[in-house]
Amino acid sequence: MEDALLRQHIAEYDRWKKNLDRQFARFSQWLQQHFPNSAGACQVVQQARALLTDDQFTLVFVGEFSRGKTELINALLAQTYGQRLLPSKPGRTTMCPTEIFSDGGERASLRLLPIETLATNTSLESFRRIPQKWVTHEFDANDPEATREALLKVAATKSVLPEEAARYGFDRRHLDDKGNLVEIPAWRYALICLPHPLLDQGLRIIDTPGLNALGNEPELTLSTLPGAQAVAFLLAADAGVSGTDMNMWETHLAPLRDHRGTSVMALLNKVDVLWDDPDEDAQQLLRRMRAQVAKLLSLPLESVAGVSAKMALLARQQQDAELLRNSRFTDFEKLLVQRLLEHRQKVAEHRSLHQALTLMADTRDLLKRRLNSGRAALVHLQRNSGSTEEQLAELGQLQQTVREQHKLCHQELLTMKSSQRMLMRQSTSLLAPITMQQLQLLIDETSKALHKRWTPMGLAKAIDAFMEGVDGQLANLEREVDQANRLLDAIFERSSLKKVEDAEQYFTIRKFRLTLRGLHRQAAQLRRSPQLLLARRNRLSERFVTTLASEVGRLYTQMSGAAENWLEQALEPLKQHTQYQKHLLNRHLIKLTELKQKTQSQHTDLRTLEDEVLRNDRALSGLEELLRHSASAPQPLAPAPRAHNVTPLKPALNT
1 MEDALLRQHI AEYDRWKKNL DRQFARFSQW LQQHFPNSAG ACQVVQQARA
51 LLTDDQFTLV FVGEFSRGKT ELINALLAQT YGQRLLPSKP GRTTMCPTEI
101 FSDGGERASL RLLPIETLAT NTSLESFRRI PQKWVTHEFD ANDPEATREA
151 LLKVAATKSV LPEEAARYGF DRRHLDDKGN LVEIPAWRYA LICLPHPLLD
201 QGLRIIDTPG LNALGNEPEL TLSTLPGAQA VAFLLAADAG VSGTDMNMWE
251 THLAPLRDHR GTSVMALLNK VDVLWDDPDE DAQQLLRRMR AQVAKLLSLP
301 LESVAGVSAK MALLARQQQD AELLRNSRFT DFEKLLVQRL LEHRQKVAEH
351 RSLHQALTLM ADTRDLLKRR LNSGRAALVH LQRNSGSTEE QLAELGQLQQ
401 TVREQHKLCH QELLTMKSSQ RMLMRQSTSL LAPITMQQLQ LLIDETSKAL
451 HKRWTPMGLA KAIDAFMEGV DGQLANLERE VDQANRLLDA IFERSSLKKV
501 EDAEQYFTIR KFRLTLRGLH RQAAQLRRSP QLLLARRNRL SERFVTTLAS
551 EVGRLYTQMS GAAENWLEQA LEPLKQHTQY QKHLLNRHLI KLTELKQKTQ
601 SQHTDLRTLE DEVLRNDRAL SGLEELLRHS ASAPQPLAPA PRAHNVTPLK
651 PALNT
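Quick note: the sequence shown uses UniProt numbering, first residue 1, plus one each step.
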């Protein structure tokens, strides 16, 4: 049976990232070899490499119980293991949000966070940094029985008093009664680390067990889902969109799509049941159902697909290509591939990659200009081999020209250091509106308002006031950003580059502001959920407010980091251009001095200058080779005309 479609594209994407990373590594080596004083340039390249290393494609499965989310995950991973990994039989399915990933090693492990941690306001992200709070099980992924036994633990439940369940934020109406007790999940979150080709190459899968899990863990809705590259909403093909499905869609997914821009697809699972009715054309019925779901959820028809997870898993286990086609699993994979390609495009356009690739192209262009100048000087000297006195005069004039250019570079570097200090002084005023102290003032004001009036209406007003305060702080930040960008323009205007040629050089918070506005709208929708509308002041409502504040804080931290990084790197193109030009001129001047000394003592020997031209030519060849192998490199820069690249040795004589 042919390799899975998604697996092919994930592997291709992984190869693209690794090839680009190797290219950046080679460029770092090239810099160290040909331009030792290039720490700033190396830092730009290192940031691009870090982006490629940390990048992952996250797929989240969302849907009510018994919609087949876990079985679909099993079908995705069964190509390697040939068996059902996660528990997905009736009565034995994942009971807590489960994250499946690979750390690149050979070891497999399961980490479980106890449900009792819901009694605190500590976020899941914070608990990730407290390993002692987790229960860890290691197992051999090549041993089917050991794997099955370990992963069955994610289906564990426990019986508690209704009061305890309420303290954790559970709604008794959504729980199974056992006499005076109710049944709740034993674990709050599960982390499964598996060696698997798809996971090794950057795929991360998150399984969410039903509406109650999303409602009880605001962090999933406000942080985890928006951070995903694809969200799959599972429905039952034999039931369509039920009332609880619609509740989940309107509360959690529609705001996610509308306000956070997250890509959501709808999957009609269990399409095999459509073939059970001999009086119906199954294909036509599926087309009709897809159209109905697309209209009801306001989704493009191409974002709605039918699939049979059960048939796909069986086909994987039996290596049955025909059964796999009948399961329509490829339709689901095509949707994922489309999302993967969209994600790849976003990564390719990321500022860090753009800066590193542009740096390579700019360095190549500058080296080409210097090489053209060196070749022209060499040809001129070779054609005008007169007396020693004439040659010395020629060399002296060329030395003087190079010294003047070198002096200008040195002066520009001194000016740049002053400009860099001036730009860095903007740091305090630029970051002042989004300090943690400023955010804490808003959080404290919100807490006071909620303490006075903890009702659904009070919660709504407090959240609106909090987010309006955040928006005001961002408005102040935008004014500071505009001033910093004007300063950058002024610095470039005084330089030899004259102006900022690339909009990527400016700092902007537009993306962060859109994210925060989307977060506000999403939070406004989420606070209307039944869990929060019916809740008094309990852990769930407190956790919702804490999660919202934590998500804003995370974005503030990202903005601060981006601003600080911009302040350090904004002048890097100018600095790299000037430093490398000075480096080349200095080396050229040394060679001219050696050549002049030889000319004074013996017949003209141009090998010194020839060696310098050859050295630059080899450096340029190596850099050109790097740029040719880049799938995402900017368009090659055309060589500048020689007339503008070469400083004449002396004015042409009138004839």
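Just so it is clear, CB atoms sit at the ideal spot from N, CA and C, and this is done for glycine as well.
Delimiting residues of the beta strand (DSSP E) encompassing residue i
i      : result
Lys158 : 157 to 160
Tyr189 : 187 to 193
Pro36  : Counting along the chain, Pro36 falls outside any beta strand (DSSP E), and DSSP gives it neither H nor E.
Arg111 : 108 to 114
Gly306 : 304 to 307
Thr58  : 57 to 62
Alpha carbon of residue i to alpha carbon of residue j, nearest angstrom
i      : j      : result
Glu478 : Thr508 : 8 Å
Trp16  : Pro197 : 16 Å
Val135 : Arg129 : 14 Å
Ile115 : Pro97  : 11 Å
Lys18  : Gln201 : 10 Å
Met467 : Val545 : 11 Å
Val613 : Lys368 : 11 Å
Leu5   : Lys69  : 20 Å
Val273 : Ala155 : 26 Å
Asp611 : Ile590 : 12 Å
Leu581 : Cys409 : In the sequence as displayed, the identity of residue 581 is Gln instead of Leu. Approximately 7 Å, taken between the alpha carbons.
Ala321 : Ala562 : 49 Å
Asp245 : Gly63  : 7 Å
Leu574 : Ser418 : 13 Å
Asn74  : Leu584 : 59 Å
Gln602 : Thr415 : Because the pLDDT of Gln602 is 46, which lies under 50, any placement of that residue in the model is unreliable, and the number read from its coordinates should be weighed accordingly. Looking at the two C-alpha atoms, the distance is approximately 42 Å.
Val337 : His9   : 7 Å
Whole-Å CB distance - residue i paired with residue j, under 8 Å assumed
i      : j      : result
Arg260 : Gln33  : Not really, about 45 Å apart at Cβ, beyond 8 Å.
Ala462 : Ala449 : 4 Å
Arg328 : Ser308 : 7 Å
Gln483 : Ala570 : Wrong, their Cβ atoms sit about 13 Å apart, outside the cutoff.
Ser263 : Glu551 : Contact doesn't hold; Cβ gap of about 20 Å is too wide.
Ala150 : Leu110 : 5 Å
Tyr189 : Leu124 : 6 Å
Arg339 : Ala230 : 4 Å
Leu203 : Phe57  : 5 Å
Chain-order list of residues whose beta-carbon lies under 8 Å from that of residue i (same chain, five-residue window excluded)
i      : result
Thr157 : Met95, Glu183, Ile184, Pro185, Ala186
Gly553 : Met436, Leu439
Lys650 : The predicted model places Lys650 with a pLDDT of 34, which falls under 50 and marks its position as unreliable; any figure quoted below should be read in that light. Excluding residues within five positions, the ones whose Cβ falls inside 8 Å are Glu394, Gln397.
Leu72  : Phe61, Ala232, Leu234, Leu267, Asn269, Val307, Ala309, Ala312, Phe332
Gly458 : Ala449, Leu450, Lys452
Leu423 : Ala484, Leu487, Leu488, Ile491, Leu567, Ala570, Leu571
Lys499 : Low per-residue confidence applies at Lys499: pLDDT is 49, beneath 50, and the placement is therefore not dependable, though the value from the model is reported in the following sentence. Around Lys499: Asp489, Phe492, Glu493.
Ser38  : Leu31, Gln32, Gln576, Gln579, Tyr580
Asp21  : Arg49, Leu52, Thr53
Ser427 : Ala563, Glu564, Leu567
N-terminal and C-terminal residue of the alpha helix (DSSP H) that residue i is part of
i      : result
Gly518 : 510 to 526
Thr136 : Unbroken run through Thr136 is the beta strand (DSSP E), 135 to 139; no alpha helix (DSSP H).
Asp320 : Neither: Asp320 is in no alpha helix (DSSP H) and is coded neither H nor E.
Met248 : 243 to 248
Ala146 : 144 to 151
Asn180 : It is not in any alpha helix (DSSP H) - Asn180 carries neither H nor E in the DSSP assignment.
Ala266 : Note, Ala266: premise wrong, no alpha helix (DSSP H); beta strand (DSSP E) at 264 to 269.
Helix, strand or coil at residue i according to DSSP, with G and I counted as helix
i           : result
Ser419      : helix
Asn121      : coil
Ile100      : strand
Asp281      : coil
Met436      : helix
Thr93       : strand
Ala232      : strand
residue 660 : Outside the shown range of the chain (1 to 655) lies residue 660, about which nothing can therefore be said.
Arg129      : coil
Own chain, CB closer than 7 Å to residue i, minus 5 neighbours either side, in chain order
i      : result
Asp617 : Leu371
Leu181 : Ser159, Val160, Leu161
Asn326 : Met311
Ser102 : Cys193, Leu194, Pro195, His196, Leu199, Asp200
Ala237 : Leu268, Asn269, Lys270, Val271, Val273, Leu274, Met289, Gly306
Met559 : Ile434, Ile509, Phe512
Gln420 : Leu571
Asn121 : Glu542, Arg543, Thr546
Val470 : Leu442, Leu516, Val552
Any non-hydrogen atom of the ligand SAH closer than 7 Å to residue i Cβ
i      : result
Ser429 : Within the structure as shown, the ligand SAH is missing, as the structure has no ligands at all.
Same chain, Cβ closer than 6 Å to residue i, neighbours up to 5 away in sequence not counted
i      : result
Glu99  : Leu191, Ile206
Leu301 : Ala294
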